[in-house]
Amino acid sequence: MLDKRYILDNPELVQQNCEARGLRADVPRFVQLETQCRTLQQEIEELSRQANVVSKSIGQAKDEAERESRKEEGRRLREQKEAKQAEHDRIAAEAGAIYRSLPNMTHPESPRGGEDASGEIRRGATQVVPMRFPVLDHVQLGEQHDLIDFEGGARIAGHGFYFLRNEAALLELALQQYAVETLLKEGFTLAVTPDLARGEILAGIGYIPRGPETQIYSVENFDLNLVATAEITLGGLYAGEVIDADKLPLKLCGISHCFRTEAGAAGRASRGLYRVHQFTKVEMFAFTLPEQSEDMHNYFCDLECQIFDGLGIPYRVLDIASGDLGGPAYRKFDLEAWMPGRGDGGEYGEVTSASNCTDYQARRLNIRYKVKGEKGTHLVHTLNGTAVAISRALIAILENCQQPDGSIIVPEVLQKWVGKERIGAPRAEEE
RNA sequence: GGAGAGGUGGCAGAGUGGUCGAAUGCGCCGGUUUGCUAAAUCGGUGACCGGGGUAACCUGGUCCGCAGGUUCGAAUCCUGUCCUCUCCGCCA
Numbered sequence: 113m114l115d116k117r118y119i120l121d122n123p124e125l126v127q128q129n130c131e132a133r134g135l136r137a138d139v140p141r142f143v144q145l146e147t148q149c150r151t152l153q154q155e156i157e158e159l160s161r162q163a164n165v166v167s168k169s170i171g172q173a174k175d176e177a178e179r180e181s182r183k184e185e186g187r188r189l190r191e192q193k194e195a196k197q198a199e200h201d202r203i204a205a206e207a208g209a210i211y212r213s214l215p216n217m218t219h220p221e222s223p224r225g226g227e228d229a230s231g232e233i234r235r236g237a238t239q240v241v242p243m244r245f246p247v248l249d250h251v252q253l254g255e256q257h258d259l260i261d262f263e264g265g266a267r268i269a270g271h272g273f274y275f276l277r278n279e280a281a282l283l284e285l286a287l288q289q290y291a292v293e294t295l296l297k298e299g300f301t302l303a304v305t306p307d308l309a310r311g312e313i314l315a316g317i318g319y320i321p322r323g324p325e326t327q328i329y330s331v332e333n334f335d336l337n338l339v340a341t342a343e344i345t346l347g348g349l350y351a352g353e354v355i356d357a358d359k360l361p362l363k364l365c366g367i368s369h370c371f372r373t374e375a376g377a378a379g380r381a382s383r384g385l386y387r388v389h390q391f392t393k394v395e396m397f398a399f400t401l402p403e404q405s406e407d408m409h410n411y412f413c414d415l416e417c418q419i420f421d422g423l424g425i426p427y428r429v430l431d432i433a434s435g436d437l438g439g440p441a442y443r444k445f446d447l448e449a450w451m452p453g454r455g456d457g458g459e460y461g462e463v464t465s466a467s468n469c470t471d472y473q474a475r476r477l478n479i480r481y482k483v484k485g486e487k488g489t490h491l492v493h494t495l496n497g498t499a500v501a502i503s504r505a506l507i508a509i510l511e512n513c514q515q516p517d518g519s520i521i522v523p524e525v526l527q528k529w530v531g532k533e534r535i536g537a538p539r540a541e542e543e
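As numbered in the working numbering, residues 113 to 543 make up the first sequence, in order.
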C-alpha cells in the first residue's frame, strides 16, 4: 500500500502512475473521502475526550443524583460518538476499496507502456547457437527419456500436474542444491518454509485468496491456502515486527512448493511444464533499509544471472514496463531463458523475476525498523527474486542441452548431484 | 484431538471495574562521581493516527495477543479466535 499522506499530497502523481500501469483508479474520489474521514476522526476524538472526562468524574461524584446525571451525559456522548463512527466507517470502507487498488509507484527508469514496452537490458554469457538438427521440445524429450509423466499427473490430480521421473527428479534436487549452494556463499539464511499460509499473510503480500479468478488454492474449512511462492511465507515471517536497523539488510532464501490455479490462463502458451499448478522454487527475499533496496534489487538480478550463466543457458534480462508490473512492484527485472523447443524455432520464456517492492508490502504487513538511539520506527523495504523455479529451469535445460544424437548433456555444475554427465546413451556415429 | 494453565512495555514481571500507558527489576540514553574499566548515584526512556509550531516541543485519540460484547467507564468481566506451555491420546 502507498502512504496515505503521500497520496493526499501528490494526487496527480498517483493518478498518472495508475494510468502508466494501465489501471483505472479514482484518486480524486479517494482524496475527497479520506479528507472527510480525517475531519470525522477529529470530531470523534473530541467526543471521546469529552466522554472520558465525564467518565473520570463519576468516580469522584459524591451523591447519587449527581452520579446518575453524569452517567446519562456520558451515555449521550458515547451515542453521538457511535453515530459519527458509523458514518466514518462507511466512508472509510469506500476509501479503503480505492486505496487497496492503488499500485506501488514506479521506478523512474522503468519503461512506460504495456508488455511490449519492456526493454532488454542485458544478455547472458552463453550465446544462442542455432541447432542444425531436428529440435525436440521438453515434452518430447521427457517422453523419449522417461523423465516427465503428464498422464500420471493428470490421473492423480488433473491437468497441470505431473510426475518428474528418473533424471528429471534428480535434476529437481540438483537445481535446488545448486541454487542453495550459490546463495549460502552469499550469506543468505536458508529456510524450508510452510507450503500453506493464513489468508491474512497472503493478503499482506498482495494475493487475494478465495476471490473470483484467484490464483490461490484454499483449503476447505480452514483459513489456510496453498502458497503460490515462498515470497508469501518469507515476507510474512516478520509481519508486525520491528527489526533493529543494524540487522538490516536481512537476506533469506526459502525452498517451497508453489501452487497456482492459473485461472484465466487457459489458451496461453502453456504446453508441458511451462504453466503448471505445482512446482518447486528456491526464492530469495530481503528486508532492507530504504536506501539499500535499489542496490539489493540489482544484486538479486546479478545472482539470477550468475545462476543461469553457471548452467550455460542463454537468456536475456528485461526491465519490465509499467503496464506489466504487479501491484506491489516498484521495479521488476525478468530473466527470460532461451527455449529452443518453444514456439516456432525457439522463443524466450520467463524463468525468474526480481522485484523491488519498496515499502508497499511492509506497510501492509507492518514491518518496521528502528535505529538505536533514534525516536520512532520506519517501514523497511522488501524485495523478492527467484533463484530457481524448477519446472521452467527444467524446460531450459532439457531443450538447450539436447544433442544431435538425442541425448541430453547434464550441465556441469549439476553433474555432482545428478551423478551422470548425460541423460540417454549417445547414439552411435552413423556409418 | 482431550484436559488444564497462560499471553501485559526491548526483556522479565506486578496489576481482578475508575486515580493504569500501566509498579518494580533488567536493558537502553543522559548527568554526577571515578586514574581507566567496573561499581555507585540521579534523571530520562513504548508504538500508531491526528492537531498546533521553523524547531526543541505542546496537545487530542487509540493500543495490555487478535476480534466482538457488557458498562458512563475494561489490562481487569463475558464470548469467539489465534498462539504458547504442561499432561494424555495419535503419529512420520
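No residue lacks a Cβ here, since even glycine has one placed at the ideal position from N, Cα and C.
**Item:** Helix, strand or coil at E543 [DSSP, three-state]
**Value:** What you label residue 543 is simply residue 431 of the first sequence in a count that begins at 1. Confidence at E543 is low in this model, with a pLDDT of 41, below 50, so its placement is unreliable and the value that follows should be read with caution. If DSSP states are grouped into helix, strand and coil, E543 belongs with coil.
**Request:** Rounded to whole angstroms, what's the CA-CA distance from G316 to D358? Just pull it up for me.
**Result:** Residue numbering aside, residue 316 sits at position 204 when the first sequence is read from its first letter. Residue numbering aside, residue 358 sits at position 246 when the first sequence is read from its first letter. Distance between the alpha carbons of G316 and D358 is about 25 Å.
**Item:** Element boundaries [alpha helix (DSSP H), containing I367]
**Value:** For this step, residue 367 is matched to residue 255 along the first sequence. According to the DSSP assignment, I367 belongs to no alpha helix (DSSP H) but to the beta strand (DSSP E) extending over 362 to 371.
**Asked** When DSSP labels each residue in this structure, what does R188 get in the three-state scheme?
**Response** As a position in the first sequence, residue 188 is number 76, starting the count at 1. R188: helix per DSSP, three-state reduction.
**Item:** Cβ pair count under 8 Å reaching 3, the segment 186 to 206 against the segment 390 to 399
**Value:** The segment 186 to 206 is not in contact with the segment 390 to 399.
**Prompt:** Does the Cβ of S519 have 16 or more other Cβ atoms within 10 Å, making it buried, or fewer, making it exposed?
**Reply:** Here residue 519 is taken as the residue at index 407 of the first sequence, counted from 1. Classification for S519: buried.
**Asked** Helix or strand or just coil, what does DSSP make of F445?
**Response** Reading the first sequence from its first residue, position 333 is the one you call residue 445. If DSSP states are grouped into helix, strand and coil, F445 belongs with the strands.
**Asked** With a CB to CB cut of under 7 Å and the five nearest residues on each side skipped, what residues in its chain are close to D258?
**Response** Your numbering for residue 258 matches position 146 in the first sequence. Taken in chain order, the residues that qualify are R277, N278.
**Prompt:** So Q390 is in the beta strand (DSSP E); what residue range does that whole segment cover?
**Reply:** Residue mapping note: residue 390 aligns to position 278 of the first sequence, counting from 1. Segment 390 to 400, the beta strand (DSSP E) holding Q390.
**Prompt:** For Q404, which residues of its own chain have a beta-carbon under 6 Å away from its beta-carbon, when the five flanking residues on both sides are left out?
**Reply:** The residue labelled residue 404 in the question sits at position 292 within the first sequence. Counting only Cβ-Cβ distances below 6 Å, and skipping sequence neighbours, we find P361.
**Message:** Taking a contact to mean a Cβ-Cβ separation below 8 Å, would you say K116 touches E146 in this structure?
**Reply:** Counted from its first residue, the first sequence places residue 116 at position 4. Counted from its first residue, the first sequence places residue 146 at position 34. Contact flag set, yes.
**Request:** Using the Cα positions of L336 and G348, report the straight-line distance between them to the nearest angstrom.
**Result:** In the first sequence, residue 336 corresponds to position 224, counting from 1. In the first sequence, residue 348 corresponds to position 236, counting from 1. Taking the straight line from one Cα to the other gives about 14 Å.
**Item:** Helix, strand or coil at E180 according to DSSP, with G and I counted as helix
**Value:** Position 68 of the first sequence, counting from 1, holds the residue named residue 180. Helix, per DSSP.
**Three or more C-beta pairs below 8 Å linking the segment 181 to 197 and the segment 403 to 417** = They do not touch, by the three-pair rule.
**Prompt:** Would a C-beta distance cut-off of 8 Å place S330 and T345 closer than the cut-off?
**Reply:** The residue given as residue 330 occupies position 218 in the first sequence. The residue given as residue 345 occupies position 233 in the first sequence. No.
**Prompt:** With C-beta atoms as the reference, is Q526 less than 8 Å away from G254?
**Reply:** As a first step, residue 526 must be located in the first sequence, where it is residue number 414. As a first step, residue 254 must be located in the first sequence, where it is residue number 142. Position check: residue 526 holds Leu in this sequence, whereas Gln was assumed. Not a contact, by the Cβ cut-off of 8 Å.
**Message:** Mapping the DSSP letters down to three states, classify E486 as helix, strand or coil.
**Reply:** Against the first sequence, residue 486 aligns to sequence position 374. Three-state result, E486: coil.
**Message:** Output needed for G531: all residues of its chain with C-beta closer than 8 Å, excluding positions within five of it in sequence on either side, in chain order.
**Reply:** Residue mapping note: residue 531 aligns to position 419 of the first sequence, counting from 1. Within the same chain, G531 has close Cβ partners L282.
**Whole alpha helix (DSSP H) elements within the segment 114 to 175, 4-residue minimum** = Taken in chain order, the complete alpha helix (DSSP H) segments of 4 or more residues contained in the segment 114 to 175 are 116 to 121, 123 to 132, 139 to 172.
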